[in-house]
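Before any comments, here is the structure.
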Amino acid sequence: MVETNQNGAEMQNGAGAKTVKAGEEETLHDVIVIGSGPAGWTAGLYAARANLEPLLITGDDYGGQVSITYEVENYPGFPEGLSGPDLVEKFKAQAERFGCVVEYDHVTEIVVDEHPFTVRTAQSKEYRTKSLILCTGARPRFLEVPGEQEYTGKGVSYCATCDGFFFRGKELVVVGGGDSALEEGLFLTKFATNVKVIHRRDELRASKILQSRAFDHDKIEFVWNTVVTSINGNENGVVSGVTTQDTQNGAEGEIATDGVFVYIGHIPNNDLYHGKLDLDGDGHLIADPFTRTNIPGVFAAGEIADKVFKQVATSVGQGCAAAMQAEKFLASLEAEGLPDLNEDPRAWPTPGVPSKPAELVAAD
Ligand code: NAP
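Position 253 of the sequence shown, counting from 1, maps to 262 under this note's numbering, and the rest follow consecutively.
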């Protein structure tokens, strides 16, 4: 439920605590979800079905990483597979059907050391909320070699779905050895005459099914034990090749190519959280299996807190869990009042569940 306050009167939250500052009209939300990937939409869906009228703020990267995935074949319920953007639209439609409110805006700041929490956005909006579900996901990791920035959009890409079409009849390079590199490399064979997958080891990280599809594909070649050390362009200002180095003997090489697609993993989108919430060494939010962060009422789901699974299916599950936990938190706020914000809820015992330190869960 949302509570509205007009003409500067103070509102009370479920805990009976003073909540919002004076303002012409302010709304106190029960739940705000930040992020519009699979975790965010699922949190929005479950919170909406719990009658919490969640507000979901999409972020600039609408739909998250799945929205730049050509085909999702392993999300249960869709035996024929479907495109990432189609899946995002289905997630959204389902959440909206039950009353999830969507704002196309980007969160620039959260304040979580006082309750209700505050959310500020790029469109200069400010929201108050009793609970927060953080689903800000991750973004592609850059190679960080000379030429990468210069030729981004001129042959360097991180999204085969978006840019593959422009490389019809061209030769391409894909960098990486995980699921993304192979999945997107296979997609690029629809356009390119040849796709060279450059991997720093001689063994792939990708799943076996993708490995065998790639090994069997006549347009895909592997360049093993090799890293890209620079991306080079021609007189037209577009990519013409890469310089490589053999990781075994250090030998330098050149590969001519029209485009370079980089798939070397992801970096958590954690800019909002530094100094406010516990992050691990890789920058993921440290949440326990109940999606609780170190601040009561702040939950995290999806790739921002997941360094292990990173699947659409697991992000969906985590989004669902986070909404259910937010609902429990709101009920306890109503019944028992606001807990000490300095108390780490990950240490709270959960009935029926053996206690386990959050660090063990977050560690590799
Ligand atoms: P990933 O699994 O982390 O793989 C990254 C790849 O890039 C690895 O092969 C890694 O090499 C290589 N790499 C990392 N840093 C590098 C650097 N600086 N230079 C050169 N190579 C570098 O990332 P991902 O493929 O994006 O997948 C992320 C997650 O999403 C995974 O859990 C994956 O299973 C999941 N995913 C699933 C699907 C699917 O199920 N269809 C599709 C896409 C992604 P090393 O192997 O040597 O470390």
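Cβ atoms here follow ideal geometry from the backbone N, Cα and C, with glycine treated the same way.
Is any heavy atom of the ligand NAP found at a distance shorter than 7 Å from the C-beta of residue i?
| i | result |
| --- | --- |
| ILE119 | no |
| GLU192 | yes |
| ASN83 | yes |
| HIS208 | yes |
| TYR272 | yes |
| LYS217 | no |
| HIS275 | yes |
| ASP188 | yes |
| GLN320 | yes |
| LEU143 | no |
| VAL269 | no |
| VAL236 | yes |
| LEU152 | yes |
| GLY90 | no |
| VAL165 | no |
| VAL184 | yes |
| ARG148 | no |
| ARG222 | no |
| PRO137 | In the sequence as presented, Pro is not what sits at residue 137; that position holds Arg. Every heavy atom of the ligand NAP is 7 Å or more from the Cβ of ARG137, so no. |
| ARG106 | no |
What's the C-alpha gap between residue i and residue j?
| i | j | result |
| --- | --- | --- |
| GLU62 | GLY173 | 39 Å |
| GLN299 | VAL247 | Reading off the sequence, residue 299 comes out as Phe, not Gln. Roughly 48 Å separates the two Cα atoms. |
| GLU212 | THR170 | 25 Å |
| GLN103 | GLY306 | 25 Å |
| CYS329 | GLY178 | 43 Å |
| GLU105 | ASN60 | 12 Å |
| GLY311 | GLY53 | 13 Å |
| ASN241 | PHE151 | 16 Å |
| LEU286 | VAL128 | 15 Å |
| ARG355 | SER221 | 42 Å |
| PRO94 | LEU65 | 18 Å |
| ASP122 | THR198 | 50 Å |
| ALA31 | PHE126 | Residue placement at ALA31 cannot be trusted, given a pLDDT of 41 that sits under 50; what the coordinates show is reported in the next sentence. Cα-Cα distance, rounded: 15 Å. |
| ASN351 | ILE304 | 7 Å |
| ARG301 | THR256 | 41 Å |
| ASP39 | HIS226 | 51 Å |
| LYS101 | VAL110 | 10 Å |
| PHE107 | ASP69 | 24 Å |
| GLU80 | LEU347 | 44 Å |
| GLY73 | ALA260 | 38 Å |
| GLU180 | SER92 | 24 Å |
| ALA215 | TYR282 | 30 Å |
Starting from residue i and walking both ways along the alpha helix (DSSP H), at which residues does that stretch end?
| i | result |
| --- | --- |
| THR170 | 169-172 |
| GLU345 | 321-345 |
| TYR55 | 47-58 |
| VAL128 | Premise fails: VAL128 lies in the beta strand (DSSP E), 126-130, not in any alpha helix (DSSP H). |
| ASP225 | 217-225 |
| ASP255 | First-last for ASP255: 248-255, but that is the beta strand (DSSP E), not the alpha helix (DSSP H). |
| GLU98 | 93-106 |
| PHE196 | 188-197 |
Can you tell me where the beta strand (DSSP E) holding residue i begins and where it ends?
| i | result |
| --- | --- |
| ALA309 | 307-309 |
| ARG148 | 147-149 |
| LYS139 | 135-143 |
| GLY242 | 235-242 |
| VAL120 | 116-120 |
Please find out if some non-hydrogen atom of the ligand GDP comes closer than 7 Å to the beta-carbon of residue i.
| i | result |
| --- | --- |
| LYS205 | Looking at this structure, you won't find the ligand GDP anywhere; what it does contain is the ligand NAP. |
Can at least three beta-carbon pairs, one atom from the segment 179-194 and one from the segment 263-281, be found at a separation below 8 Å?
yes
task: Count the C-beta pairs between the segment 46-61 and the segment 308-327 that are closer than 8 Å, then say yes if the count reaches three, no if not.
output: yes
Pairing CB atoms from the segment 36-43 with CB atoms from the segment 130-149, are three or more of them under 8 Å? yes
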